[in-house]
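Colleague:
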Amino acid sequence: MSESSATNLSQLDVQHVWHPLTQHQLYREGSRPLIITGGKGAVVYADDGRAFLDAAAGLWCVNVGYGREELIEAGTRQLRELAYYPLTQSHPRAIELANRIARYLPDTPHVYFSNSGSEANEVAFKAVRQYWKQQGKPSKVKILSRFRGYHGTTMGALAATGQPERRRDYEPLTPGFMQVTQPYCYRCPFHLEYPSCHMQCADDFERRIEIEGPDTVAAIIIEPVTAGGGVIVPPEGYLQRVEAIARKYDVKLIVDEVVTGFGRLGSMFACTRFGIRPDIVTMAKGLASGYMPISATAFSDELFEGFLGDVDSGRHLRHVNTYGGHPVAAAVALANIDVLESENLAARSEESGQRFLKQLQEALVDLPYVGDIRGMGLLVGIELVKDRMSKEPVSNATMRSITKSALAQGVIMGKASDVQTERNNILMFAPPLVINDSDIDQLVNVVWESVTGVMTQEVAQA
Ligand SMILES: Cc1ncc(COP(=O)(O)O)c(C=O)c1O
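According to this note's numbering, the stretch in the sequence shown is residues 5 to 466, in order.
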């Protein structure tokens with residue numbers, strides 16, 4: 005792209021595009037968003053010719069990497085064959101995709117399609133409330149989630165989200181949602197240590213259910229590993245404990261696999277890796293690797309059958325979206341799953357993730373401002389602190405300087421944003437699963453350079 009047309013695009017962007025999670029005053033003051041015009045594998049290209057290693061896979065979704073011909077061809081073929089039909093009737097690609105998902109998740113074999121992770125969770129919330137009403141338990145409406153958990157941006161999904169900065173200014177949100185603690189061992193809310201803590205954090209669900217009354221609680225929703233809230237990996241046994249609590253009180257368990265599904269944590273789905281059997285599984289990002297918008301909510305037989313009845317009984321799920329299970333998106337998702345399977349990308353995610361974590365630990369072990377390095381598969385977080393004793397979080401401004409420095413060195417890395425006031429001190433990595441060893445070496449070097457560069461300067465100025 006010529007320099008003048010790049011400048012023109014950039015001006016038009018600032019005039020007309022309202023960007024998510026962005027303070028546009030910065031653009032008035034001269035900074036600019038990256039304008040990405042292409043991508044291949046784990047690398048994206050900007051309109052000014054620069055190349056970047058995308059350690060965020062877009063928004064943690066481009067699992068198979070950019071520029072995959074298989075997905076492009078599948079979408080093009082489907083556009084020619086049938087560009088659109090709604091799932092109020094049916095079409096072959098949605099049928100094939102639902103079957104494919106059900107093969108991975110045999111305990112939740114009934115698949116409802118939507119367009120985004122937020123919507124997939126909304127479907128889960130609506131369905132579970134309707135289910136309990138139809139079971140003759142109309143007071144079971146409350147949905148429990150966790151602080152720092154993220155379940156989406158729409159009013160219900162945001163109500164389930166435990167991130168005060170995201171919620172603030174949009175309240176009141178949908179009623180009936182409440183949060184309990186996270187298994188955040190680095191900053192244990194109970195000031196205890198695993199395993200002698202006996203996982204008070206998991207028992208917090210039980211306490212809350214008892215306080216509220218089990219007859220008022222419809223469901224629990226959790227991410228297997230909390231992603232945007234700061235890459236919080238639960239201790240061994242935590243998810244099983246939460247599952248057991250849900251069973252004990254007849255509360256449905258919704259597992260939000262929007263980030264973790266399709267290889268991110270080293271297996272196609274995290275619930276199979278952890279050995280838990282949710283009543284509902286939601287998924288989105290890796291389902292079509294971001295090539296098309298598509299998401300899904302998978303339900304157990306028991307939940308699905310709770311909607312059967314006379315045709316005019318009103319027991320059917322009264323939820324519809326125009327584009328859910330769009331044929332082109334479904335075709336691309338099928339091709340995406342083919343690639344994930346044929347290239348064994350879940351196993352590769354596990355291997356590359358272990359290598360990345362090990363290298364980060366070796367490189368950063370002596371840095372006083374690295375509080376914690378944690379992750380699973382290719383979902384990794386680094387928590388930065390002013391010093392290790394106080395664990396005082398570094399500021400939002402510091403985090404911005406670090407990601408800006410990485411960008412100048414050719415790496416896009418993510419960071420927690422708008423989670424909790426001045427507690428967004430976690431760098432986050434979720435690269436395409438096809439990232440290779442030399443990309444990982446580059447990534448580790450750039451992390452080291454940008455963290456030490458910014459922190460050394462800050463210490464000198466203090
Ligand atoms: C765990 C989780 N659930 C739900 C969502 C919402 O997905 P979407 O942005 O597609 O609505 C996200 C998005 O990042 C997520 O991380």
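Idealized CB from N, CA, C, for every residue including glycine.
Note that the coordinates shown come from a computational prediction; the quantities given were computed from them, not determined experimentally.
Using CA coordinates, which residue listed in Asn325, Thr326, Gly328, Glu309 is at the minimum distance from Arg319?
Modeller: Of the candidates Asn325, Thr326, Gly328, Glu309, the one whose C-alpha sits nearest the C-alpha of Arg319 is Glu309.
Colleague: Decide if Lys256 is buried, meaning its Cβ has at least 16 other Cβ atoms within 10 Å, or exposed.
Modeller: By the 10 Å Cβ count, Lys256 comes out buried.
Colleague: Can you give me the start and stop residues for the alpha helix (DSSP H) that Thr456 sits inside?
Modeller: 441-465 is the extent of the alpha helix (DSSP H) around Thr456.
Colleague: For the pair the region 260-272 and the region 363-382, tell me if three or more CB-CB distances fall below 8 Å.
Modeller: Touching, yes, given that three or more Cβ pairs across the two stretches are closer than 8 Å.
Colleague: Indicate the three-state DSSP secondary structure (helix, strand or coil) for Phe181 in the structure shown.
Modeller: Phe181 falls in the strand class under three-state DSSP.
Colleague: Quick check on the DSSP output: the alpha helix (DSSP H) that includes Ser409 runs from which residue to which?
Modeller: Counting along the chain, the alpha helix (DSSP H) containing Ser409 begins and ends at 400-412.
Colleague: Is the closest heavy atom of ligand 1 to the C-beta of Tyr154 under 8 Å?
Modeller: The answer is yes for Tyr154.
Colleague: Under 8 Å Cβ to Cβ from Tyr174, same chain only, skipping five residues before and after it: list those, please.
Modeller: Closer than 8 Å at the Cβ level, and outside the excluded window around Tyr174, lie Met159, Leu162.
Colleague: Hey, is Thr178 close to ligand 1, as in C-beta under 8 Å from one of its heavy atoms?
Modeller: Flag unset: Cβ of Thr178 not near ligand 1.
Colleague: To the nearest angstrom, how far is it from the Cα of Thr425 to the Cα of Arg171?
Modeller: Distance between the alpha carbons of Thr425 and Arg171: 12 Å.
Colleague: Quick one: does Ser143 have its CB under 9 Å from some CB of chain B?
Modeller: Checking the listed chains, one finds no chain B in this structure; it contains a single protein chain.
Colleague: If you count every other CB in all the chains shown that lies within 10 Å of the CB of Thr26, and 16 or more means buried, which is it?
Modeller: Per the 10 Å Cβ criterion, exposed.
Colleague: Along the alpha helix (DSSP H) that carries Leu162, what are the first and last residues, could you check?
Modeller: Start and end: 159-164.
Colleague: Mapping DSSP to helix, strand and coil, what is Leu388?
Modeller: Strand, per DSSP.
Colleague: Can you have a look at Ser346 and say buried or exposed, based on whether 16 or more other CB atoms are within 10 angstroms of its CB?
Modeller: Exposed is the call here.
Colleague: Considering Phe209, what are the terminal residues of the beta strand (DSSP E) in which it resides?
Modeller: Counting along the chain, Phe209 falls outside any beta strand (DSSP E), though it belongs to the alpha helix (DSSP H) covering 204-216.
Colleague: Mind reading off the beta-carbon distance from Gly357 to Cys65? Whole number of angstroms is fine, and I expect it under 8 Å.
Modeller: The pair is not a contact, with the Cβ atoms about 17 Å apart (cut-off 8 Å).
Colleague: To which residues of the same chain is Arg72 closer than 7 Å at the C-beta, ignoring the five residues directly before and after it?
Modeller: These residues qualify, in order along the chain: Val343.
Colleague: Between the alpha carbons of Ala274 and Leu63, how many angstroms are there, rounded?
Modeller: The straight-line gap from Cα to Cα measures roughly 19 Å.
Colleague: Give every residue of the same chain whose Cβ lies closer than 6 Å to the Cβ of Tyr135, excluding the five residues on either side of it in the sequence, and list them in chain order.
Modeller: If we look at Tyr135 and ignore the five residues flanking it on each side, its Cβ neighbours are Leu307, Gly310.
Colleague: Is any heavy atom of ligand 1 found at a distance shorter than 8 Å from the C-beta of Glu77?
Modeller: No.
Colleague: With respect to 8 Å, is the separation between the Cβ of Trp452 and the closest non-hydrogen atom of ligand 1 below this value?
Modeller: Flag unset: Cβ of Trp452 not near ligand 1.
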